[in-house]
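Residue numbers (the working numbering): 1 to 453.
Just so you know, even glycine gets a beta-carbon here, dropped at the ideal spot from N, CA and C.
Comments concern the structure below.
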């Protein structure tokens, strides 16, 4: 049974920063979330570098549903449910590869990499010629599109175009997707692990929680002798009307995490030369401020990352109190191979499943999940999301969104839950501001006039 919209609005009072933890643990809310959020939103699937050749494929999820992303012979990309039309068995159990067809290992129904049904064992004997192959292909997504090599899809034919959905987030995405002519590439392999908690905990943290770093990651920063002084925490959080969120620092040009594997302070690394070269190029392409952005972000609902720190990830829901993290190492395509190898090693040590930074976050999310699963009063209390209310003043002309005065703010979390609530309570597609007038290649400028709505 669907949760009444009025009841959901009592659980998510984003305007006053009061959120009920029931939204992280309730089974009915979770099932409604799959239908109202994940079945309608544009969801990240894969990057061009993950499926570079014809017939390459990548297996992923859209909400709880398995999908296959496939590059066709003509170079186009399609996506469809990884579920046989006969009994729902996966037709592909490989994580990725190159294939022209996929066969269900239950009864042998076979589909080409466009999702068309091409073979049914003993079709004439079993169906006496009555099976219509054209009506039994794999179920395709309603829309698929890409932005700077990032492929997104939605099951909703009424969803607005991807550029409208991303809105002003393209301004911030470009700050790391478009620093160099070659853009980014995803290195081979996906690190996957499971957390005993709710996917929204990861999404909201990556989208806007710089506040936790000083305490949660104190031991991690201490292990690498990194000072966490006031200047290193100066920055802003940006909350966009589309529900996308980001936080960033303008303090430096180099990622802390890429630098942690030095043997001693001051030792020259190959990345030093590349960072300097890349900065000069990026300043020409993006301007001096955007070229230096380093931080964290979340594209609503569940695509997050640490721009400038080699990490992008998806929070795949697996139940109201269980989710999988799929973590990708991202590098500059134009970077030297030695820099790419060093970046991958650094990213694994810090943001991998057992990474010194990542394990801090996982422990927090897991313990919260345990408390909500076991307790009663812990579900009835309201969580406090009031940080920065009334203090979201624009600090940079041309930087879109509601900007906080410092890197410490929960404005992004409130924007995330505002958008979540809109999806959960709207029968039709919720309001989307057409505020990012981006060209097809993503080079257009952003306006901010509709963000006050």
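Which residues DSSP lists as bridging residue i, in chain order
| i | result |
| --- | --- |
| residue 145 | 152 |
| residue 296 | 247 |
| residue 78 | 70 |
| residue 97 | 57 |
| residue 25 | In the DSSP output, where bridge partners are listed per residue, residue 25 has none listed. |
| residue 313 | 304 and 327 |
| residue 12 | 19 |
| residue 321 | Bridge partners of residue 321: none, in fact. |
| residue 199 | According to DSSP, residue 199 bridges with nothing at all. |
| residue 383 | 19 |
| residue 191 | 327 |
| residue 103 | 110 |
| residue 364 | Bridge partners of residue 364: none, in fact. |
| residue 186 | 330 |
Contact set for residue i: own chain, Cβ-Cβ below 6 Å, skip 5 residues either direction
| i | result |
| --- | --- |
| residue 107 | 86 |
| residue 421 | 12 |
| residue 69 | 45, 46, 58 and 79 |
| residue 102 | 91, 92 and 111 |
| residue 238 | 246, 401 and 403 |
| residue 48 | 149 |
| residue 287 | none |
| residue 419 | 243 and 300 |
| residue 50 | 58 and 186 |
| residue 109 | 84, 86 and 120 |
Exposure label - residue i; buried when at least 16 CB within 10 Å
| i | result |
| --- | --- |
| residue 431 | exposed |
| residue 459 | Absent from the structure is residue 459, since the part of the chain shown begins at 1 and ends at 453. |
| residue 531 | No answer is possible for residue 531: the residues shown for the chain start at 1 and end at 453. |
| residue 402 | buried |
| residue 382 | exposed |
| residue 426 | exposed |
| residue 151 | buried |
| residue 466 | Lying before the first or after the last residue shown, residue 466 is absent from the chain, which here runs from 1 to 453. |
| residue 357 | buried |
| residue 158 | exposed |
| residue 335 | buried |
| residue 5 | exposed |
| residue 314 | buried |
| residue 115 | buried |
| residue 263 | Note that residue 263 scores 41 on pLDDT, short of 50, meaning its location in the model is unreliable; the coordinates nonetheless yield the value given after this. Result: exposed. |
| residue 352 | buried |
| residue 95 | exposed |
Contacts around residue i, its chain only, beta-carbon distance under 7 Å, and the 5 residues preceding and following it disregarded
| i | result |
| --- | --- |
| residue 204 | 413 and 416 |
| residue 344 | 187 and 329 |
| residue 407 | 210, 233, 234, 235, 236, 237, 247 and 249 |
| residue 175 | 286, 290, 293 and 307 |
| residue 32 | 2, 3 and 424 |
Cutoff 8 Å; reference residue i; Cβ partners in own chain excluding five residues on either side
| i | result |
| --- | --- |
| residue 67 | 45, 59, 60, 61, 79, 80, 81, 82, 141 and 153 |
| residue 320 | 24, 25, 26, 27, 29, 30 and 198 |
| residue 100 | 55, 112 and 113 |
| residue 75 | 54 |
| residue 189 | 329 |
| residue 384 | 17 and 18 |
Beta-carbon separation (whole angstroms), residue i vs residue j, contact threshold 8 Å
| i | j | result |
| --- | --- | --- |
| residue 324 | residue 428 | Not quite, the Cβ-Cβ distance comes to about 31 Å (not below 8 Å), so this is no contact. |
| residue 54 | residue 41 | Residue 54 to residue 41, Cβ: 29 Å. No contact. |
| residue 300 | residue 242 | 6 Å |
| residue 240 | residue 297 | In fact, because the Cβ distance is near 10 Å, the residues do not count as touching under 8 Å. |
| residue 409 | residue 390 | So it is not a contact: roughly 11 Å between Cβ atoms. |
| residue 304 | residue 207 | 7 Å |
| residue 362 | residue 184 | In fact, because the Cβ distance is near 25 Å, the residues do not count as touching under 8 Å. |
Interface flag, residue i vs chain D, CB-CB below 9 Å
| i | result |
| --- | --- |
| residue 56 | Included in the structure is just one protein chain, with no chain D present. |
- Flag this pair as touching only if the segment 162 to 179 and the segment 289 to 296 have three or more C-beta atom pairs under 8 Å; answer yes or no. yes
- Are at least three pairs of beta-carbons, each pair with one atom in the segment 129 to 136 and one in the segment 156 to 172, less than 8 Å apart? no
- Message: With a threshold of 8 Å, are at least 3 pairs of Cβ atoms found where one atom belongs to the segment 326 to 346 and the other to the segment 298 to 314?
- Response: yes
- Item | Stretch-stretch touch, CB-based, cutoff 8 Å, three pairs: the segment 368 to 378 with the segment 343 to 354 | no
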